[in-house]
Structure formats: structure tokens, C-alpha cells
Amino acid sequence: MVAIHRDTRPFVVSAPGKVIMFGEHAVVYGKSAIAGSVDMRAYALVTPSSGHSVRLVLPDIDVDVEFDVRQLPRLRPGDLAHPGDVETLLAEGIDVPEGPGRTAVLAFVYLYGSLVAEAGALGFTMCVRSLLPVGAGLGSSASFNVVLSAALLQMTGQLQGEGATEEDRRLINSWAFQGEQVAHGTPSGIDNSVATYGGFLEYTKGHGPAPLHSTHALRVIITNTNVPRSTKALVAGVRALRDAHPAVVDSILDAIHNISVTAATLFQAPEEAAGGELERQLHDVIRMNHGLLSALGVGHPSLERVRDIAAGHQMASKLTGAGGGGCALTLVPRDAPKGAAARVAAEMADEGFCCHQAVVGGAGVAIAYSVGAEPVDKWVRSMLGHSAERAPDSDAISGFATLPEATIAMLAPSH
Ligand SMILES: Nc1ncnc2c1ncn2[C@@H]1O[C@H](COP(=O)(O)OP(=O)(O)OP(=O)(O)O)[C@@H](O)[C@H]1O
Ligand SMILES: C[C@@](O)(CCO)CC(=O)[O-]
Ligand SMILES: [Mg+2]
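When the letters of the sequence shown are read in order and numbered with numbering that gives the first Met the number 0, they come out as residues 0 to 414.
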């Protein structure tokens, strides 16, 4: 039984997305992968209450649902063979939307039922805004599951350091991984690990994340092809290919593993020993990793177009995330001509792609009750130009749902 934490102050939780540098898909089969957090985050404004009502406002995917928590299933370890089975426990009358919001709401039902006391009732209103493109391969689901897990653990008094301690992060990551399993079936755990811990990490399924202290600041262009795709379907496609050709696919997965191991060594090479040689070798392994992922069937013509444009500027690109469209990363060499990255982005835009010059390796999950000296809900109202004393109808949550992205980004942790 978990005590309900009666701190009813509003707070904001945020967590970054991720860019997988090397090793996607292979990491599902226990191979190593290298990933880093990106400077685009999901933000949740949470207003706890003592009532029996929970409202989830998810404007990015057009979801606004409310539940009487007494209708939601309570889960004990072992109740379900797999988190994805939570759907079977929904009592009649629980309306879970179809479409992109379904997996988000099911992940909520699973995590609320698992983390909140049997007898207690924990009401709250939560609004999630994300600066990550939804479903594009930058870990939008993982950052969502991390902020949801951290919020529930914080409200039930299970975090000792507001998400900053090693034990807090282990707990948040463990529950966020289960949230990922609701949507994806067999995720590796790398996405939620990066969203929780931040920085760069080398990840091997079953061994968890190992911080990678990269001695090099990498300039990366993330290009969103805007081609929609399903991580779950792409992961299932690789599994089907492996079932059909185990020896061949395993040799491809081993080659990708060796690329990740090589990259981890390159990232940690002393700065003075690296120089241009580091980037030449990274260029090679980026190119090879993409070719191997294409052999696994997760490429897409739009990703090849990205690679052609980058190659025209002597830069290497690879798909990042599950592939099949979605996002690609391009490494910008330190000695690239001035303005080269901007020229690449302009050519990508001509193709209808969106580019983001990413800062990789920033902070992981963060919880805050104030912005500067202002409580978060008062800060939201002040950002809206409302007086803090406005009538209760000026709900900070609905205001948060409408704040411009540049304002939301001001909530990012400084470190
Ligand atoms: N801002 C958000 N608000 C609510 N739910 C979200 C949000 N962003 C993502 N999600 C949930 O995550 C799902 C997308 O997850 P999916 O794993 O397919 O893409 P991704 O995480 O962006 O890509 P990848 O897993 O390859 O990195 C959405 O359908 C939705 O359920
Ligand atoms: C494709 C994959 O390797 C990364 C998706 O971002 C799946 C996973 O690791 O869960
Ligand atoms: Mg995802």
C-alpha cells in the first residue's frame, strides 16, 4: 500500500526526447546502442487534488479525458502477464479514445492502477505539451511515459529527491519502461532510459544504461521527413525478418553491435588524439549503420533523399529511431564551411523536411514546483497575461495547453 502524498501544490515535470546515434533495432536483441538526449522536451503541468477525478489534457494528440478513479483497475505485481494486457481490465463505461491517444491513455490507466494506493484516491489534472514531433523517432512516447511515471511517483511520495537521486531515476525509468511496453510490446528500454537520465549513454538490454562521457561536442542536424510510421510495426517487421532468416539477420545485428562498440570508443577518445580522424571514422560508421538498417527493411525513400542532400555537403546521415520515415541525423563536421549546416537545412526544407540543429546530451527528467520565485501555476497565468488572482475559471491547465512553444521551452532545466 502506498501512502498518498498530500502535497497539493502544482508542479511541472519534464523529460527530453532522444536521438539514437547507433544501434537502433539491434538493441532490441541485446546488442549495444549509443543514444543521447535532445534539446526538445515533454512538459507536464500537474495539479494534484484530493478528489476522485483525474483529467488528462493532451493537446498535441487532441485528447482531453476525465475518469472517476474509482472505476480504474488497481494493479498488483503479477496481475497482468504483460502491461499491454491492461486493455482487458477496462470496466464498461471507461471511454479510452481510438487513434494516437489510445496508447497514451492506456499507459496512464496502467501506471495509475499500479502506482496509486489500493484504498486511496489520487485525483489530479495533468496537461502534457511536447516540443517533440509525435511519432517521428525522437522518443516522444518515452518522454511522455517518463513525465507520467515521475508525476505519479512524486504525488504518491515515492520519490525522495524530486527525481534527482539515482534511486529516484531508477524507479522512474522502471515504470516508464512498463509504460512503453503498453504501446510497443517489446521495446528495448533505451528510449525511456535516455529520457530519464539524459546525457549520452551506451545501452544494452538487460544491462541497462551506462553513462557515456563523450569528450566531444557533436553538432547534429535532426531532419524530420514528416513521413508517419509506427515504431511497433517497424520493430515487428524486423522480428518477422529475423524469424525468416535468423543467421543472416543475426550477422547484421552483430555488425551493428560492433559499430556501437566502435562509436563508444571514438566518443571517449582523448580530444587531442581525435581531431579530424574521429569525425572521419564517425562518418564511416554512420554510413555503414544506415546501410545495415536498410538491409533490415526499415529504410525509406525520404531517408535516402536526406542522405543524398547531406552527402552533397560531405556530411554523413543515418535514420534515427525506428526508421520507415520519421527522423534522420546528420553529423556536421567541426571543419564544415561556415553556413554549411544552414545550406543543408535549406535544401531539406525544399523537400518538405523539417530540420533542427540539435544540442545532444542535455538534462534528463526534472521536477519543479516553481519557475524562479513563482509557483508554476502562477507563472503560467502570468505568461498568459492573467492576474494570478483571476477567478478559478482561469485554470492554469487550460492556459498551459495554449502557451506558445517558445514559452513552454522556458521551463527546461538549466543544467
Ligand atoms: N505530446 C504527447 N502527448 C501525449 N501522448 C504522446 C505525446 N507524444 C507522444 N505520445 C504518445 O506516443 C505515441 C508515439 O510513440 P511512438 O513510439 O510511435 O513514436 P516516437 O516515440 O516519437 O518514436 P520512437 O519510439 O521511434 O522514438 C503517440 O501515439 C502517443 O500515444
Ligand atoms: C527501434 C528501437 O530500437 C528504437 C526506437 O526508438 C526500438 C527499441 O529499442 O525499443
Ligand atoms: Mg516511442
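All residues carry an ideal CB built from backbone N, CA and C; glycine is no exception.
For the pair I189 and V26, the CB atoms are nearer than the 8 Å cut-off. M154 and F199 do not touch by the CB rule: their CB atoms are close to 31 Å apart, not below 8 Å. The criterion of a C-beta distance shorter than 8 Å is not satisfied by V108 and R101. The beta strand (DSSP E) runs of length 3 or more contained entirely in the stretch 166 to 214 are, from start to end of the chain, 199 to 203, 207 to 210. The DSSP-derived three-state label of E404 is helix.
Between V18 and A357, the gap from beta carbon to beta carbon is short of 8 Å. Less than 8 Å separates the beta-carbon of V64 from that of V104.
Closest option to L137, judged by alpha-carbon separation, among L147, L402, G92, V193: V193. The bridge partners DSSP lists for E65 are R54. Closest in alpha carbon position to R75, among V85, D67, G296, C354, is V85. Each of G138, S140, A141, D190, T230 has a C-beta closer than 6 Å to some heavy atom of ligand 3; these make up the full list, in chain order.
With distances taken between CA atoms, S173 lies nearest to T195 out of L265, T195, Q313. Ligand 1 has no heavy atom closer than 7 Å to the beta-carbon of S36. Checking the 7 Å criterion, the Cβ of E97 is out of range of every heavy atom belonging to ligand 2.
The three-state reading of DSSP puts F10 in strand, counting E and B together. Scanning its chain for C-beta atoms nearer than 6 Å, with the 5 sequence neighbours on each side dropped, one finds around A315 the residues H282, I285, R286, L330, in chain order. Relative to ligand 2, S187 has its C-beta within less than 7 Å of a heavy atom. In the structure shown, the three-state DSSP call for K377 is helix. 8 Å or more divides the Cβ of L252 from the Cβ of Y42. Within the stretch 58 to 139, the beta strand (DSSP E) runs of at least 3 residues that lie entirely inside it are, in chain order, 62 to 67, 122 to 129.
In this structure, V297 places its C-beta atom within 8 Å of the C-beta atom of A321. Cα atoms of V53 and A344: separation of roughly 42 Å, rounded to the nearest angstrom. C-alpha of Q177 to C-alpha of A365: approximately 20 Å in a straight line.
Residue range 218 to 223 is occupied by the beta strand (DSSP E) that includes N223, with no alpha helix (DSSP H) assigned at that position. Boundaries of the alpha helix (DSSP H) around P300: 300 to 310. Its Cα nearest to that of T406, the residue L130 stands out among L130, N144, A232, S49. DSSP places F21 within a strand segment (E or B) once states are collapsed to three. Under the 10 Å beta carbon count, A341 is surrounded by fewer than 16 other beta carbons and is classified as exposed.
Taking the Cα of L383 as reference, the smallest distance to any Cα among A150, F399, G83, P300 is reached at F399. Around the C-beta of V146, 16 or more other C-beta atoms lie within 10 Å, and the residue is accordingly described as buried. In this chain, D334 is not harboured by any alpha helix (DSSP H), its DSSP state being neither H nor E.
A distance of 8 Å or more separates the beta carbons of V37 and L217. Between C353 and N223 the beta-carbon gap is near 4 Å, inside 8 Å, which marks them as a contact.
Around S140, the same chain offers A182 as residues with beta carbons nearer than 6 Å, after the five sequence neighbours per side are excluded. Only buried fits V45, as 16 or more other CB atoms lie within 10 angstroms of its CB. Beyond the five residues adjoining it in sequence on each side, T203 comes within less than 6 Å, by CB distance, of S31 in the same chain, given in chain order.
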